[in-house]
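Numbering (our numbering), first residue to last: 563 to 696.
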(Lines of atoms letter the chains of each structure in order from A and count residues from 1; the text may use other names and numbers.)
(Lines give C-alpha, C1' and ligand atoms only; values in the text may rest on other atoms or scores of the structure.)
Protein backbone atom coordinates (compact mmCIF):
# COMPACT_ATOMS: atom_id res chain seq x y z
CA UNK A 1 0.00 0.00 0.00
CA UNK A 2 1.38 3.38 -1.03
CA UNK A 3 1.05 5.99 1.71
CA UNK A 4 -0.30 9.51 1.13
CA UNK A 5 3.10 11.17 1.57
CA UNK A 6 4.66 8.99 -1.14
CA UNK A 7 1.75 9.68 -3.50
CA UNK A 8 2.19 13.40 -2.94
CA UNK A 9 5.94 13.18 -3.64
CA UNK A 10 5.27 11.32 -6.92
CA UNK A 11 2.76 13.98 -8.02
CA UNK A 12 5.09 16.81 -7.08
CA UNK A 13 8.10 15.20 -8.78
CA UNK A 14 6.05 14.85 -11.98
CA UNK A 15 4.63 18.38 -11.74
CA UNK A 16 1.13 16.90 -12.03
CA UNK A 17 2.03 15.78 -15.58
CA UNK A 18 1.74 12.24 -16.95
CA UNK A 19 5.29 10.96 -17.12
CA UNK A 20 4.51 9.12 -20.36
CA UNK A 21 2.37 11.39 -22.59
CA UNK A 22 3.06 14.66 -20.72
CA UNK A 23 -0.61 15.58 -20.39
CA UNK A 24 -1.23 17.73 -17.30
CA UNK A 25 -3.74 16.88 -14.60
CA UNK A 26 -5.49 20.24 -15.14
CA UNK A 27 -6.73 19.07 -18.55
CA UNK A 28 -8.19 15.83 -17.25
CA UNK A 29 -10.83 17.30 -15.00
CA UNK A 30 -12.66 14.66 -13.00
CA UNK A 31 -10.11 11.98 -13.87
CA UNK A 32 -7.41 11.81 -11.24
CA UNK A 33 -4.06 10.60 -12.53
CA UNK A 34 -2.79 7.29 -11.18
CA UNK A 35 0.31 6.51 -9.20
CA UNK A 36 1.50 3.56 -11.23
CA UNK A 37 4.16 0.94 -10.75
CA UNK A 38 6.64 1.17 -13.63
CA UNK A 39 7.45 -2.46 -12.96
CA UNK A 40 4.20 -4.04 -11.81
CA UNK A 41 4.03 -5.71 -8.43
CA UNK A 42 3.35 -9.04 -10.15
CA UNK A 43 6.82 -8.68 -11.70
CA UNK A 44 8.35 -7.94 -8.28
CA UNK A 45 8.02 -4.17 -8.59
CA UNK A 46 8.24 -2.30 -5.31
CA UNK A 47 6.21 0.54 -3.79
CA UNK A 48 9.29 2.78 -3.56
CA UNK A 49 9.76 6.14 -5.31
CA UNK A 50 12.17 4.60 -7.79
CA UNK A 51 9.40 2.41 -9.20
CA UNK A 52 6.48 4.82 -9.09
CA UNK A 53 5.35 7.23 -11.79
CA UNK A 54 2.43 9.55 -12.34
CA UNK A 55 0.31 8.35 -15.24
CA UNK A 56 -2.89 9.57 -16.86
CA UNK A 57 -5.64 6.97 -16.92
CA UNK A 58 -5.24 6.28 -20.65
CA UNK A 59 -1.48 5.60 -20.47
CA UNK A 60 -1.91 3.52 -17.32
CA UNK A 61 -4.74 1.46 -18.82
CA UNK A 62 -2.81 0.73 -22.00
CA UNK A 63 0.47 0.00 -20.23
CA UNK A 64 -1.07 -2.28 -17.64
CA UNK A 65 1.56 -4.69 -16.35
CA UNK A 66 3.50 -4.70 -19.62
CA UNK A 67 7.27 -4.27 -19.52
CA UNK A 68 7.76 -4.79 -23.26
CA UNK A 69 5.95 -4.84 -26.57
CA UNK A 70 6.73 -5.15 -30.27
CA UNK A 71 8.42 -2.19 -32.00
CA UNK A 72 5.90 -1.25 -34.73
CA UNK A 73 8.72 -0.50 -37.23
CA UNK A 74 10.97 -3.54 -36.73
CA UNK A 75 8.68 -6.16 -35.13
CA UNK A 76 11.37 -6.70 -32.46
CA UNK A 77 10.45 -7.23 -28.82
CA UNK A 78 11.42 -3.98 -27.07
CA UNK A 79 11.23 -2.73 -23.51
CA UNK A 80 8.98 0.20 -22.70
CA UNK A 81 10.07 3.65 -21.59
CA UNK A 82 10.99 3.73 -17.89
CA UNK A 83 10.39 7.21 -16.38
CA UNK A 84 12.92 6.68 -13.60
CA UNK A 85 15.75 5.30 -15.73
CA UNK A 86 15.27 6.92 -19.15
CA UNK A 87 15.29 10.55 -20.29
CA UNK A 88 12.04 11.42 -22.12
CA UNK A 89 13.88 13.66 -24.60
CA UNK A 90 16.09 10.77 -25.75
CA UNK A 91 13.13 8.65 -26.83
CA UNK A 92 10.43 11.07 -27.93
CA UNK A 93 9.96 14.30 -29.85
CA UNK A 94 6.97 16.57 -30.11
CA UNK A 95 5.56 17.26 -33.57
CA UNK A 96 2.78 19.79 -33.07
CA UNK A 97 0.47 17.99 -30.68
CA UNK A 98 1.71 14.51 -31.61
CA UNK A 99 4.39 12.54 -29.76
CA UNK A 100 6.77 10.60 -31.98
CA UNK A 101 9.10 7.85 -30.85
CA UNK A 102 12.66 8.37 -32.13
CA UNK A 103 14.10 5.16 -30.69
CA UNK A 104 12.78 1.61 -30.53
CA UNK A 105 11.79 2.26 -26.90
CA UNK A 106 10.00 5.47 -27.87
CA UNK A 107 8.17 3.98 -30.87
CA UNK A 108 7.08 0.95 -28.89
CA UNK A 109 5.85 3.04 -25.96
CA UNK A 110 3.97 5.51 -28.20
CA UNK A 111 2.32 2.61 -29.99
CA UNK A 112 1.39 0.52 -26.94
CA UNK A 113 0.16 3.45 -24.83
CA UNK A 114 -1.69 4.93 -27.84
CA UNK A 115 -0.29 8.34 -27.03
CA UNK A 116 -1.75 9.91 -30.16
CA UNK A 117 -5.38 8.96 -29.74
CA UNK A 118 -7.66 11.71 -31.06
CA UNK A 119 -8.80 12.53 -27.50
CA UNK A 120 -5.15 13.00 -26.45
CA UNK A 121 -4.46 15.25 -29.46
CA UNK A 122 -7.49 17.38 -28.64
CA UNK A 123 -6.35 17.87 -25.04
CA UNK A 124 -2.83 18.73 -26.17
CA UNK A 125 -4.31 21.28 -28.61
CA UNK A 126 -6.07 22.94 -25.68
CA UNK A 127 -2.83 22.87 -23.71
CA UNK A 128 -1.01 24.40 -26.67
CA UNK A 129 -3.57 27.22 -26.92
CA UNK A 130 -2.99 27.92 -23.23
CA UNK A 131 0.80 27.87 -23.63
CA UNK A 132 1.12 24.61 -21.65
CA UNK A 133 2.32 22.41 -24.54
CA UNK A 134 4.98 21.34 -25.21
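Beta carbons: idealized from backbone N, C-alpha and C, even for Gly.
| Check | Outcome |
| --- | --- |
| Nearest neighbour of residue 630, chosen from 695, 684, 574, 675 [CA to CA] | 675 |
| With 16 other Cβ atoms within 10 Å as the buried cut-off, status of residue 605 | exposed |
| Buried/exposed call for residue 622, threshold 16 Cβ in 10 Å | buried |
| Limits of the unbroken alpha helix (DSSP H) element including residue 652 | 650-653 |
| Residue 669, buried or exposed, once every other Cβ within 10 Å from all chains shown has been counted against 16 | buried |
| Backbone secondary structure at residue 661 - three-state DSSP | strand |
| Cβ-based burial, residue 636 [other Cβ within 10 Å; buried from 16] | exposed |
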